[in-house]
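Chemist:
In our numbering, the protein residues as written are 1 to 223.
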């Protein structure tokens with residue numbers, strides 16, 4: 001019964017639901033969990049989605065990884081992030097070492113409470129194929145490197161050079177652009193399957209109940 005004392009039957013309730021459905025469906029999406037995180041991810045992706053910003057991110061946060069790449073002979077001593085060819089693909093959320101040189105993409109992740117862009121660029125030297133990654137807001141960079149023509153891949157971080165031990169995909173609590181979807185991180189780990197680094201992302205349906213949510217229209221599954 002409403003506050004004015006007027007009784008409601010089922011027909012009246014359904015009528016009122018119908019007249020407010022359009023407004024409600026819009027508000028649900030806007031107030032969904034993780035909306036602020038989604039907005040921040042979108043802002044970061046947009047802010048780094050040009051070649052100059054990507055090069056600058058590597059130059060500012062990748063000096064130690066550059067030193068490791070040079071010391072191991074993976075790149076020449078004059079290797080310069082500022083000279084990287086960068087051809088951004090708006091649909092790319094990561095790259096592989098053997099991808100065409102200059103292949104690049106930008107995504108965003110939330111790690112240890114910090115939301116950061118994740119920029120990735122494929123390049124090569126005379127002897128090696130290289131995928132470079134940088135998380136600017138976390139001041140972190142790393143690389144995947146393999147010999148030209150094939151061979152064992154290594155993971156190069158600021159602290160170590162290790163054979164790649166395993167690959168994987170991990171669901172997170174980080175939201176994509178729908179309250180029905182969360183971020184799955186593509187991972188590359190060291191020889192002990194530890195010290196995993198994010199090399200890309202994808203959105204995956206993560207157990208939400210679509211029947212109960214007007215804004216979710218795809219069939220859901222679990223990671």
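Ideal Cβ positions, reconstructed from N, Cα and C, are used throughout, including at glycine.
#1: Could you give the distance in angstroms between the alpha-carbon of residue 203 and the alpha-carbon of residue 134?
#2: With contact counted as at least three CB pairs below 8 angstroms, one residue from each stretch, are the stretch 165-175 and the stretch 185-200 in contact?
#3: Considering only C-alpha positions, which residue in the set 149, 68, 73 and 107 is nearest to residue 175?
#4: Roughly how many angstroms separate the alpha carbons of residue 97 and residue 196, rounded to a whole number?
#5: Looking only at its own chain, which residues have a Cβ that is under 6 angstroms from the Cβ of residue 82, when we skip the five neighbours before and after it?
#6: Mapping DSSP to helix, strand and coil, what is residue 269?
#7: Where in the stretch 62-115 do unbroken runs of the beta strand (DSSP E), each at least 3 residues long, occur, reported from the N-terminal end onward?
#8: Grab the span of the beta strand (DSSP E) containing residue 47 for me, first residue to last.
#9: What three-state label does DSSP hand residue 126 in the structure shown?
#10: Applying the criterion that 16 or more other CB atoms from any shown protein chain within 10 Å of the CB defines a buried residue, is residue 140 buried or exposed?
#11: What are the boundary residues of the beta strand (DSSP E) that residue 136 is part of?
#12: In angstroms, rounded to a whole number, what distance separates the CA positions of residue 101 and residue 181?
Modeler: So, from the listed chains and residues:
#1: Taking the first residue of the chain shown as 1, we reach residue 203 at position 203. Taking the first residue of the chain shown as 1, we reach residue 134 at position 134. Going from the Cα of residue 203 to the Cα of residue 134 covers about 20 angstroms.
#2: yes
#3: Indexing the chain shown from 1 puts residue 175 at position 175. Nearest C-alpha to residue 175: 107.
#4: On the chain shown, position 97 is the one that residue 97 refers to. On the chain shown, position 196 is the one that residue 196 refers to. Each residue's alpha carbon lies about 17 angstroms from the other.
#5: Taking the first residue of the chain shown as position 1, residue 82 is located at position 82. Correct list, in chain order: 55 and 59.
#6: The displayed coordinates of the chain run from 1 to 223. Any statement about residue 269 would go beyond what the structure contains.
#7: 103-111
#8: The residue given as residue 47 occupies position 47 in the chain shown. Segment 35-48 is the alpha helix (DSSP H) holding residue 47; no beta strand (DSSP E) there.
#9: Taking the first residue of the chain shown as position 1, residue 126 is located at position 126. In the three-state scheme derived from DSSP, where H, G and I count as helix and E and B as strand, residue 126 is classed as coil.
#10: Counted from its first residue, the chain shown places residue 140 at position 140. When all chains shown are included, residue 140 counts as buried.
#11: Locating residue 136 in the chain shown gives position 136, where the first residue counts as 1. Residue 136 -> no beta strand (DSSP E), and no H or E assigned at all.
#12: In the chain shown, residue 101 corresponds to position 101, counting from 1. In the chain shown, residue 181 corresponds to position 181, counting from 1. Going from the Cα of residue 101 to the Cα of residue 181 covers about 32 angstroms.
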